[in-house]
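Engineer: In terms of this note's numbering, the sequence shown opens at residue 3 and continues consecutively. Cβ atoms here follow ideal geometry from the backbone N, Cα and C, with glycine treated the same way. Would you mind keeping the following structure in view while I ask a few things?
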Amino acid sequence: MSSENTKAFVALALVLWFVTALVAGWFDVFIAPDSGLIGLGLFLVVPILFFITWYIVSARFRAFANSISLWLIVGAHVWRFVGLGFLVAYLLGRLPAQFAIPEGLGDIVAAAFALPLALALRRNQPVRGYFVLWNIFGLLDLLSAITVGMLYSEGPFGILREGVSTAPMVTFPVNAIPTFFVPLFILLHVLALLRRNEVGKTVTASAPRDLQSHRGRAAS
């Protein structure tokens with residue numbers, strides 16, 4: 003499979019994943035009493051396992067994934083300002099505070115810090131420590147959202163639910179968040195952490211060339 007074919011296949015896989023998640027939400031698959039939790043679990047786990055396995059076994063896909071600029075990977079998380087919507091939903095009485103407040107604020111923080119980090123990466127600044135900490139925070143926030151969302155759900159795992167539940171999160175079209183964007187951002191965090199050693203590498207590597215160039219001009 004050529005590089006262009008790999009890009010096309012990735013794009014197709016993402017589109018199919020997104021559309022399938024929306025269609026499933028339209029037909030209330032994720033709120034069905036018998037199959038809702040299973041469907042949600044499949045959309046969370048299967049895509050993550052698929053892309054991680056593909057990354058491991060396919061050199062072409064690995065090369066493609068590693069060619070994506072880190073600043074673009076980080077910048078994509080600006081979308082997580084959608085966490086503001088969780089806070090609004092809480093104020094309207096549609097989401098429990100125990101879910102909406104920590105997960106909403108977590109997403110907002112992740113999105114806000116993604117902006118300066120993406121800019122620093124774009125400028126090839128040595129921000130590896132900040133980069134790793136931000137990715138760990140963002141990843142834990144997403145995993146927390148999945149866990150807390152289930153504990154306050156309408157399903158059998160909703161053992162902490164008291165009145166208001168997280169059911170609106172799995173209804174169309176909001177269901178695209180837990181069934182597409184959350185696992186997608188988990189994958190982006192994992193990819194970023196795997197490539198953490200690239201941060202600041204360009205600056206370090208370019209220093210000797212800059213010194214040689216300076217010496218050459220001085221000699222002339």
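1) Are residue 112 and residue 139 touching if we call contact CB-CB under 9 Å?
2) What's the call for residue 40, buried or exposed, on a 16-neighbour Cβ count within 10 Å?
3) Would residue 118 count as contacting chain D if we go by Cβ distances under 9 Å?
4) So the alpha helix (DSSP H) residue 8 belongs to, where does it begin and stop?
5) Residues in the same chain with beta-carbon distance under 8 Å from residue 184, minus the five sequence neighbours each way, listed in chain order, please.
6) Give me the Cβ distance between residue 8 and residue 62, rounded to the nearest whole Å; I'm assuming they're in contact under 8 Å.
7) For residue 117, tell me which candidate among 57, 181, 77 has the shortest Cα-Cα distance.
8) Below 8 Å CB to CB, which residues in the same chain sit around residue 179 once its five sequence neighbours on both sides are set aside?
9) Could you spell out the range, first to last residue, of the alpha helix (DSSP H) harbouring residue 79?
10) Would you report the Cα separation of residue 31 and residue 194, rounded to the nearest angstrom?
11) Are at least three pairs of beta-carbons, each pair with one atom in the stretch 162-171 and one in the stretch 89-109, less than 8 Å apart?
12) Tell me whether residue 203 sits in a helix, a strand or coil according to DSSP, three-state version.
13) For residue 26 and residue 198, I'd like the C-alpha separation in whole angstroms.
14) Answer with buried or exposed for residue 65, where buried requires no fewer than 16 other C-beta atoms within 10 angstroms of its C-beta.
15) With distances taken from CA atoms, which of 201, 130, 196 is nearest residue 54?
16) Cβ atoms of residue 162 and residue 153: under 9 Å apart, would you say?
17) Pull up the distance between the alpha-carbon of residue 131 and that of residue 200, whole angstroms please.
Structural biologist: If we stick to the structure as given:
1) yes
2) exposed
3) No chain D is present in this structure, which holds just one protein chain.
4) Taken as a continuous stretch (DSSP letters only), the alpha helix (DSSP H) holding residue 8 covers 5-28.
5) 46, 144, 147, 148
6) 5 Å
7) Checking every option, the nearest Cα to that of residue 117 belongs to 77.
8) Within the same chain, residue 179 has close Cβ partners 84, 171.
9) Careful: residue 79 lies outside any alpha helix (DSSP H) and carries neither H nor E.
10) Between residue 31 and residue 194, the C-alpha separation is close to 32 Å.
11) yes
12) Here residue 203 sits in helix by DSSP.
13) 36 Å
14) Counting of Cβ neighbours within 10 angstroms places residue 65 among the exposed residues, the total staying below 16.
15) Closest option to residue 54, judged by alpha-carbon separation, among 201, 130, 196: 196.
16) yes
17) Rounded to the nearest angstrom, the two C-alpha atoms are 12 Å apart.
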